[in-house]
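Accompanying notes for the structure given below.
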Amino acid sequence: MSASEDFLSLTEEKEVVAAIGQAERNTSGEIRVHIEEHTEKPPLERAQEVFFQLEMEHTKQRNGVLFYIAALDHSFVILGDVGIDQVVPKDFWDKTKDLVLRHFKEGENKAGLIAGILEAGEQLKHYFPYDAATDVDELSNEISRG
Ligand code: CA
Ligand code: CA
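Going by this note's numbering, the letters in the sequence shown line up with residues 452 to 597, in that order.
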């Protein structure tokens, strides 16, 4: 089994994808998860690279959010697009990140991701509310593995 699947099995992945769908019914923000084994780069720099590789800047309000994980490195980054940065406080992601890391430290990777994704939806809805009439699933909810 790869380190990526060791971190989150394919069965657990389905529940995380469902959580993304649930979060995206709170907000027009678009959440994606990328899990890879290792990177030589600083995690934030690598997360930015993955963000563009996944073409996550292709949202109308520039409100994509990437949860980036390098499993073997124990690296975790939450990266929001510029549309989010423009309107939220600087420490916007701290609470969500702490919540996820508390679970990761206990080895509860699936629970951590689900809690973080749902929290992100709750936080984002204040700035980017969901509108059932106009919402489009702009970015796939499927997990990306590198
Ligand atoms: Ca959407
Ligand atoms: Ca989506």
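Built from N, CA and C at the ideal position, the CB exists for glycine as well.
Cβ pair residue i, residue j closer than 8 Å
i, j, result
"Thr478", "Pro580", "yes"
"Leu459", "Arg483", "no"
"Ser455", "Arg553", "no"
"Asn592", "Ile471", "yes"
"Phe555", "Phe527", "yes"
Backbone secondary structure at residue i - three-state DSSP
i, result
"Pro493", "coil"
"Arg513", "coil"
"Ser453", "coil"
"Phe503", "helix"
"Ala571", "helix"
"Gly480", "coil"
"His554", "helix"
"Ile594", "coil"
"Ala498", "helix"
"Val538", "coil"
"Ala583", "coil"
"Glu466", "helix"
"Phe543", "coil"
"Leu523", "coil"
Same chain only: Cβ atoms within 7 Å of residue i, ignoring 5 sequence neighbours per side
i, result
"Ile594", "Glu464, Val467, Val468, Val484 and Ile486"
Cβ shell of residue i (< 6 Å), same chain only, five flanking positions each side left out
i, result
"Ile535", "Asn514"
Quiz prompt | Cβ contact (3+ pairs, closer than 8 Å) linking the stretch 457 to 469 and the stretch 569 to 585 | solution = Touching, no.
Practice problem: Report yes or no: do three or more beta-carbon pairs, one from the stretch 583 to 591 and one from the stretch 538 to 550, lie closer than 8 Å? | Solution: Segments in contact, no.
Quiz item: Can you pull every residue whose C-beta falls closer than 6 Å to some heavy atom of ligand 1, listed in chain order?
Solution: Selection output, chain order preserved: Glu475, Ser479, Glu481, Asp586, Val587, Asp588 and Glu589.
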